[in-house]
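The sequence shown lines up with residues 26 to 149 when you count with the working numbering.
Virtual Cβ for every residue (Gly too), placed ideally from N, Cα, C.
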Amino acid sequence: MPNSGNKKMLAVLGDLFFTVKINESAKRAGLPVEFVKSEEDVLQKAAAHPALIIIDLNFAGIDPLNLIRTLKAQPETRAIPLIGYLSHVQGELKQQAQEVGCNMVLARSAFSQNLPAILKRHAA
């Protein structure tokens, strides 16, 4: 796999707890992670075809639904898997994120629990 050395993921969030959790899980999975905090940075860095993009659907620094919609509308970024996480009580936001193209939307607790397996799968 000549491309495996270039594999990395993007994470769009501002929460320190999840930043640490994602960083630790990414290191264990052998998948470098780059944290970004603006839609412009995400769109620019997505051009390098990361293995996946994780999005905190409650991150106030972005409009998550618009970001997902934009990533899925562009041919060069459409195939990048998008994983969003949110509070378990935000059923409407979950549905909206799925409708605009988020590949997987998980409650924070499920995201935390499944993160090592998710990253391992995308690092392979």
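Under a 10 Å Cβ-count criterion, Asp-81 is classified as buried, with 16 or more other Cβ atoms of the shown protein chains found around its own Cβ.
Counting the other CB atoms within 10 Å of its CB gives Val-45 a total below 16, which places it among the exposed residues. As for any alpha helix (DSSP H) of minimum length 4 sitting wholly inside the segment 88 to 146, the runs are 89 to 98 and 116 to 125, ordered along the chain. Taken through DSSP and simplified to helix, strand or coil, Phe-84 comes out as coil.
Beyond the five residues adjoining it in sequence on each side, Gly-55 comes within less than 7 Å, by CB distance, of Ala-148 in the same chain, given in chain order. DSSP, read as helix, strand or coil, puts Ala-36 in strand. In this structure, DSSP gives Leu-77 an extended state, which the three-state scheme calls strand.
Secondary structure note for Leu-41: its alpha helix (DSSP H) is the uninterrupted segment 41 to 54. For Lys-70, the uninterrupted alpha helix (DSSP H) run begins and ends at 64 to 71, by DSSP.
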